[in-house]
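Everything below concerns the one structure shown next.
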Amino acid sequence: VGKKDDIISVAFDSPYPQEAAGVVNTVVDSYIKYHSLRKQTTVSKVLDILQKEKVKRDRELSDKYEEMVQFTRENGVVSFDNQGGNVVFQKLIKLSEALTEAQLMTIEAQADYEAVKAIADDPAQVKQFAAALPTVGVRIFINDTETQLQSELRNAEIELKNTRYHVTEEHPAVKALHTKIDYIKSDLKAEMKKFADTYIEVMRQRWRTAKQKEQTLLVSFQIQRRQAQDSGVKAAEYSMLQSELGRTERICKILDDRIKELNVTEDTGALNISILEVARPATGPSRPQKTRIMAIALILGLMFGGALALVRDWMDIRLRSADEVSAILGVPVLGVIPTMTDVRTITAHGRQAWLNFKPVAFGLCQRIHTIISTGIAGSRAKTTGVISPTSDGDIGKQDIAVRGQKVHIKPKSVIAEAYRTIRTAVFFGVPRGEARTILITSPDAGDGKSTLVSNLAIAMAQAGQKTLILDADFRKPMQHNIFEFENNRGLSGVLAGTIALQDAIQAGPIEELDILSCGPEVPNPSEILNSDAFAEILKEQLTKHYDRIIIDSPPIGPVADSQILAAICDITLLVLRAEKSTRKHSVAARDVLLSVGGRLLGAIVNDVPRKHGRYGYYSGYGYYRGYGYYGDREKKEAAVV
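For my numbering, count along the sequence shown from 1 and bump the result up by 10.
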């Protein structure tokens, strides 16, 4: 139901159409009676004020009569001559009459102002008051704008009702009409408020003006009365008594007339309310509104789905796509390495059990990581390394060798092509000659960096680059296992002076590839890598004989070895494992490398499932599978074998 508007719509829901229409019509009738009563109540307030003033003036008139009788008895009427020709008395009489009129105006203006002030919060009631008590004509405040707005509102309400018979509430036409009606109501409300404020201010100014006029006339009257007393005290006093008596009589008469007028107004209680349309029984049900319910359900479903997606994104702290890697780290993704599932030396049943258990195991590890925090990255990485299909854990030297030499053993495989893609990115990512020493590192253990080192070195050697693999991971060396030789000679012996550099370097399985393993275990790897001797060997000796020196290093998180190597190498590649590497550890690794002045060329995502679309390169566009570049040929060769 609308409030403080010229048009009010009344609706009632009921399973019985006839009853609903009857209730609405009864409510409208009661509303009209209620407003009539409110108008009568407003008139009653003014009437009460005037009646109180009338009692006061009647008492004053009675006192004047008694005073006049007493004065006549004491002085005798025959002793006073007619003062009609006396200028002082004539002026005094005129001032007395003017003062009487001013007092009446003040009383009436004050009564009207106090009454309208009591209803100042209700502009509609102020307007009704102005119409019922036209002391100050209401027509001077009614402008064309208000009349036009009322007409527009009635037309818009009727148009809205007609439109609802043809379309639903969600239709643009209905919404537009609702908006139009709201604007018109707002403008009309503002016009009514403006009228109320203006009318109240006019009534206040009218009261103040009448009061000021009364005070001015009172002062003049008192002055003139003293003058009359000086010229004829008794005559003036008698005339004054007559004047005051006459003035009081007139005030009482005017109050009587005003009270009678208000009594008539109170009895009529007229109110300008018209019923535009009488309620009639509806021809069809008004609810349930199936379209509206379905729209609300759809919106709530979309909101719930969006919230669920946001919660899932907040809880999953892994880097889940190549785009996310680039956005979070601010470096390009140089390539992705698919999962190596064809090199495990396990039984057929064991292999199937592993493939079934792998998603569950990885999901469990990630949930445990999310719940307990990221503070145990080393332990988690170690556990993941055991069950990962391409980790560098202890899963058999033969498998390590096959995986680490994938580019050499299966040069036409999808995985080999992935490593050649990374080789191309390194070749063209920096100017020629500025990437001779390349550091391969990762945020955590088990990310597959050692496998990347060996395969990338083989790919570069196959491209005619004189390449050296330098195993600087004294904590957990892997290159001697990949290329299947003993780790009894290597970098530690060269730095200790027990073996010459040429004797420590061993030939690789292909031409242009050599390996310098880390050698026997040393107690202080960080100090050795940070020594001048190691920098001299790397920069002065090895770079003179090799086009590319690819360095395998420990992960960044646990130790400082990678930071030392990043500071002296030309470029650094950061290895991340799909579905394992987290945002926090990856960003921390990047910041550590940049803090020591390392030149981070880009990131490489390892162990990407073959049909994982988030990393784009293998399933999103089918780079290798969709065009049959190598996959078809491998299948044919396998069939022949």
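Think of the CB as a built atom: it goes at the ideal place given N, C-alpha and C, for glycine as much as any other residue.
(request) Could you tell me whether the segment 438-457 touches the segment 546-563, where touching means 3 or more Cβ pairs closer than 8 Å? (result) yes
(message) Could you tell me the alpha carbon to alpha carbon distance between V20 and A130, rounded to whole angstroms?
(response) If you number the sequence shown from 1, residue 20 lands on position 10. If you number the sequence shown from 1, residue 130 lands on position 120. Answer to the nearest angstrom: the Cα atoms are 27 Å apart.
(message) On the CB-based measure, 16 or more other CB atoms within 10 Å of its CB, does G500 come out buried or exposed?
(response) On the sequence shown, position 490 is the one that residue 500 refers to. Burial call: buried.
(message) By the DSSP assignment, the beta strand (DSSP E) with P348 in it spans what residues?
(response) As a working note, residue 348 is residue 338 in the sequence shown. Segment 343-348, the beta strand (DSSP E) holding P348.
(request) Assign T328 to one of three DSSP states: helix, strand, or coil. (result) As a first step, residue 328 is located in the sequence shown; it is residue number 318 there, counting from the start. In the sequence as displayed, the identity of residue 328 is Arg instead of Thr. Three-state DSSP puts R328 in a strand.
(request) Would you mind reading off the limits of the alpha helix (DSSP H) that contains G659? (result) Residue 659 lies beyond the stretch modelled for the chain, which goes from 11 to 651, so this question has no answer here.
(request) Would you mind listing the beta strand (DSSP E) stretches within the segment 399-482 that are 3+ residues and don't spill past its ends, in chain order? (result) 447-451, 477-481
(message) Pull the bridge partners of D562 from the DSSP assignment, please.
(response) The count along the sequence shown starts at 1 and reaches residue 562 at position 552. I450, D481, per the DSSP bridge assignment.
(request) With A613 as the anchor, note down where its beta strand (DSSP E) starts and where it stops. (result) Working through the sequence shown from its first residue, we reach residue 613 at position 603. First-last of the beta strand (DSSP E) with A613: 610-618.
(request) With DSSP as the reference, please indicate the residues paired to T582 in a beta bridge. (result) Along the sequence shown, read from residue 1 onward, the residue named residue 582 stands at position 572. Paired residues: L449, L610.
(request) Could you tell me the boundaries of the alpha helix (DSSP H) in which D513 lies? (result) Here the question's residue 513 lines up with position 503 in the sequence shown. From DSSP, the alpha helix (DSSP H) with D513 extends over 511-514.
(message) Between which two residues does the beta strand (DSSP E) holding D601 run?
(response) To locate residue 601, count along the sequence shown from 1; it is residue 591. Looking at the DSSP string, D601 is not in any beta strand (DSSP E); the run it does join, the alpha helix (DSSP H), is 593-605.
(request) Look up I525 in the DSSP assignment and say whether it is helix, strand or coil. (result) Here the question's residue 525 lines up with position 515 in the sequence shown. Note: I525 maps to strand in three-state DSSP.
(message) By DSSP's criteria, A517 is part of a beta bridge. Which residues make up the other side?
(response) Walking along the sequence shown from the start, residue 517 turns up at place 507. Answer by DSSP bridge pairing, in chain order: D524.
(message) Just verifying my parser: in three-state terms, what is the DSSP assignment at R260?
(response) Here residue 260 refers to the residue found at position 250 when the sequence shown is read from its first residue. Reduced to three states, the DSSP call for R260 is helix.
(message) Are the CB atoms of L575 and T461 within a distance shorter than 9 Å?
(response) Numbered from 1 along the sequence shown, position 451 holds the residue referred to as residue 461. Numbered from 1 along the sequence shown, position 565 holds the residue referred to as residue 575. No, they are not a contact pair.
(request) Sort K486, L114, A317 by Cα distance to A220 and report the nearest one. (result) Along the sequence shown, read from residue 1 onward, the residue named residue 220 stands at position 210. Looking at the Cα atoms, L114 is the closest of the given residues.
(message) Between V335 and V615, how many whole angstroms is the CB-CB distance? I'm expecting something under 8 Å.
(response) The residue given as residue 335 occupies position 325 in the sequence shown. The residue given as residue 615 occupies position 605 in the sequence shown. That belief holds up - the Cβ atoms of V335 and V615 are roughly 6 Å apart, short of 8 Å.
(request) Mark D542 as exposed unless 16 or more other C-beta atoms lie within 10 angstroms of its C-beta, in which case mark it buried. (result) Taking the first residue of the sequence shown as 1, we reach residue 542 at position 532. Burial call: exposed.
(message) Excluding the 5 residues flanking F231 on each side, which residues of the same chain have their C-beta closer than 7 Å to its C-beta?
(response) Within the sequence shown, residue 231 is the residue found at index 221, counting from 1. Hits under 7 Å: L105, S106, L109.
(message) With the cut-off set at 9 Å, would you say N341 and L584 are in Cβ contact?
(response) The residue given as residue 341 occupies position 331 in the sequence shown. The residue given as residue 584 occupies position 574 in the sequence shown. Sequence check: residue 341 is Val here, not Asn. It is a contact, given that the beta carbons lie within the stated cut-off.
(request) Report the residue from F139, R235, A134 whose alpha carbon sits nearest the alpha carbon of Y123. (result) Along the sequence shown, read from residue 1 onward, the residue named residue 123 stands at position 113. Here the closest residue by C-alpha is F139.
(request) Determine the contact status of A426 and V412, defining contact as a CB-CB distance below 9 Å. (result) Taking the first residue of the sequence shown as position 1, residue 426 is located at position 416. Taking the first residue of the sequence shown as position 1, residue 412 is located at position 402. No. Outside cutoff.
(request) Give the DSSP bridge partners of R587, in chain order. (result) Working through the sequence shown from its first residue, we reach residue 587 at position 577. In DSSP, R587 forms a bridge with N616.
(request) Report the rounded CA-to-CA distance for D454 versus E180, giving the unit in angstroms. (result) Walking along the sequence shown from the start, residue 454 turns up at place 444. Walking along the sequence shown from the start, residue 180 turns up at place 170. D454 and E180: Cα-Cα distance of roughly 56 Å.
(message) Alpha carbons only, please: which of S502, I520, D513 is nearest the one belonging to G474?
(response) Within the sequence shown, residue 474 is the residue found at index 464, counting from 1. Comparing Cα-Cα distances from G474 to each of S502, I520, D513, the minimum goes to I520.
(request) Specify, as a first and last residue, the run of the alpha helix (DSSP H) that A545 falls within. (result) The residue you call residue 545 lines up with position 535 of the sequence shown. Taken as a continuous stretch (DSSP letters only), the alpha helix (DSSP H) holding A545 covers 542-546.
(message) Taking its Cβ as the centre, do 16 or more other Cβ atoms sit within 10 Å of F314, making it buried, or is it exposed?
(response) If you number the sequence shown from 1, residue 314 lands on position 304. Label assigned to F314: exposed.
(message) Quick check on P535: does DSSP put it in helix, strand or coil?
(response) Residue mapping note: residue 535 aligns to position 525 of the sequence shown, counting from 1. DSSP places P535 in helix when its eight states are reduced to three.
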